[in-house]
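Scroll down for the structure; my scribbles are underneath it.
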Amino acid sequence: MFSVEVIDKQYIGKNKILLKFNKPKGFEYAPGDYVFFEAKTKENEKIIRAYSIASFTHEDFLLFYITLVPAGKMSQVLQRLVVGDTINISEARQASYVDKIKKAVSDYKVTQIVLAAAGTGVAPFCPLVAWIREEYKDFPVVVLHQTSYSNEQVFRKDIEKHANYVGFVTRETDISGSKLRKGRIQDALSEFVNSRTYFLAVGPFDWVSSILDKARGIGAATI
Ligand SMILES: Cc1cc2nc3c(=O)[nH]c(=O)nc-3n(C[C@H](O)[C@H](O)[C@H](O)COP(=O)(O)OP(=O)(O)OC[C@H]3O[C@@H](n4cnc5c(N)ncnc54)[C@H](O)[C@@H]3O)c2cc1C
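Residue numbers for the sequence shown follow my numbering, beginning at 23 and rising by one.
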């Protein structure tokens with residue numbers, strides 16, 4: 023366990039936060055990894071929840087992008103956190119995205135990688151796309167990110183340094199003059215995915231399982 027201090031907290035809309043901590047000495051992680059936050063509720067109940075690391079591995083801080091769930095136990099703890107507070111986090115846990123991508127490229131001979139995320143599910147893609155670019159140079163990588171509103175697409179600029187980023191919004195009505203697409207990724211998937219694609223999706227469980235089904239139907243590799 024590491025005790026980390028909040029060095030910045032920013033609200034994105036009403037129910038999402040970007041939470042930045044100091045990176046403790048000796049803390050190491052691979053792109054895509056997550057940690058467990060450990061805390062106590064007001065009633066003194068110990069709670070443990072997983073959160074993906076959104077910061078690039080070379081950075082000297084740890085960044086998380088978190089949806090605050092109504093009445094969620096950890097969400098309430100995180101809502102109360104202010105700069106200077108500390109929280110305990112575990113060592114990094116492997117999400118194994120790196121291994122899956124290596125396997126897809128070497129064994130399945132895919133010719134492009136498509137990463138799809140809903141909401142804060144995009145967090146692990148920031149360090150991941152930087153790693154893919156370093157490892158596979160010009161390999162085509164597309165990040166499809168679906169949110170309710172455009173202001174939730176907080177990593178667009180970071181991701182665009184390493185991949186083609188396509189943002190989808192489902193609730194915003196006026197997107198004229200922006201690069202955004204209106205609607206759901208699912209409905210446009212066949213434009214981006216083919217039988218030589220490695221496809222990875224991160225987000226709420228039901229969303230992931232339905233979009234993976236759709237990508238498999240198109241013939242993409244989804245290991
Ligand atoms: C490997 C991994 C990585 C994760 N990374 C992130 C991350 O980077 N960012 C992030 O925001 N979350 C992430 N999560 C989800 C996170 O671990 C918690 O489940 C989430 O923050 C809710 O915890 P809670 O204690 O506030 O809510 P709980 O007290 O556990 O749940 C309260 C209620 O809210 C419901 N609920 C839980 N999650 C949601 C949701 N997203 N939307 C609507 N209702 C919900 C529950 O079903 C329950 O009814 C990750 C989960 C895993 C397994």
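C-beta: ideal position from N, C-alpha, C; glycine also.
Between Glu65, Thr63, Tyr87, Glu67, which lies nearest to Phe43 when the distance is taken from Cα to Cα?
The residue labelled residue 43 in the question sits at position 21 within the sequence shown. Measuring from the Cα of Phe43, the nearest candidate turns out to be Tyr87.
Residues in the same chain with beta-carbon distance under 7 Å from Asp180, minus the five sequence neighbours each way, listed in chain order, please.
Numbered from 1 along the sequence shown, position 158 holds the residue referred to as residue 180. Cys148, listed in sequence order.
Which partner residues of Ser74 appear in the DSSP bridge assignment?
In the sequence shown, residue 74 corresponds to position 52, counting from 1. Per DSSP, Tyr56.
Is the Cβ-Cβ distance between Arg203 and Gln134 less than 8 Å?
Mapped onto the sequence shown, residue 203 falls at position 181. Mapped onto the sequence shown, residue 134 falls at position 112. For Arg203 and Gln134, no; Cβs fall outside 8 Å.
Tell me, which residues are paired with Phe221 by DSSP?
As a working mapping, residue 221 is identified with position 199 in the sequence shown. Answer by DSSP bridge pairing, in chain order: Val136.
Can you tell me the Cβ-Cβ gap for Tyr56 and Arg115, rounded? I've got them flagged as a contact below 8 Å.
Along the sequence shown, read from residue 1 onward, the residue named residue 56 stands at position 34. Along the sequence shown, read from residue 1 onward, the residue named residue 115 stands at position 93. Indeed they touch by this definition, with Cβ atoms about 5 Å apart.
Quick one, are the C-beta atoms of Ile245 and Val215 less than 8 Å apart?
Residue 245 sits at position 223 when you count from the first residue of the sequence shown. Residue 215 sits at position 193 when you count from the first residue of the sequence shown. Cβ distance not < 8 Å, so Ile245 and Val215 don't count as in contact.
Thinking C-alpha only, which one of Glu50, Gly225, Ala223, Ala145 is nearest Glu113?
Here the question's residue 113 lines up with position 91 in the sequence shown. If we check each option's Cα against that of Glu113, Glu50 comes out closest.
Since Ser172 and Val191 are thought to touch, with beta carbons under 8 Å apart, how far apart are those beta carbons, to the nearest angstrom?
Residue mapping note: residue 172 aligns to position 150 of the sequence shown, counting from 1. Residue mapping note: residue 191 aligns to position 169 of the sequence shown, counting from 1. The pair is a contact, with the Cβ atoms about 5 Å apart (cut-off 8 Å).
Can you tell me the Cα-Cα spacing of Tyr27 and Lys64, whole angstroms?
As a first step, residue 27 must be located in the sequence shown, where it is residue number 5. As a first step, residue 64 must be located in the sequence shown, where it is residue number 42. One detail in the question is off: residue 27 reads as Glu in this sequence, not Tyr. Using only the alpha carbons, I get a separation of about 20 Å.
List in chain order the residues whose CB is within less than 5 Å of at least one heavy atom of ligand 1.
The answer, residue by residue, is Tyr56, Arg71, Ala72, Tyr73, Ser74, Ile88, Thr89, Val91, Gly94, Lys95, Met96, Ser97, Thr142, Ala145.
Lys45 and Asp82: beta carbons closer than 8 Å?
Mapped onto the sequence shown, residue 45 falls at position 23. Mapped onto the sequence shown, residue 82 falls at position 60. Yes.
Smallest Cα separation from Lys201: which of Lys131, Lys36, Gly189?
The residue given as residue 201 occupies position 179 in the sequence shown. Considering only alpha carbons, the answer is Gly189.
Report the rounded CA-to-CA distance for Tyr220 versus Lys62, giving the unit in angstroms.
Counted from its first residue, the sequence shown places residue 220 at position 198. Counted from its first residue, the sequence shown places residue 62 at position 40. Cα to Cα, the separation comes out at about 40 Å.
How would you write the range of the beta strand (DSSP E) that Gly189 sits in, first residue to last?
Sequence index remark: in the sequence shown, residue 189 carries index 167 (1-based). Counting along the chain, the beta strand (DSSP E) containing Gly189 begins and ends at 186-191.
Three or more beta-carbon pairs under 8 Å between the stretch 164-171 and the stretch 127-147, yes or no?
The answer is yes - the stretch 127-147 touches the stretch 164-171, with three or more Cβ pairs under 8 Å.
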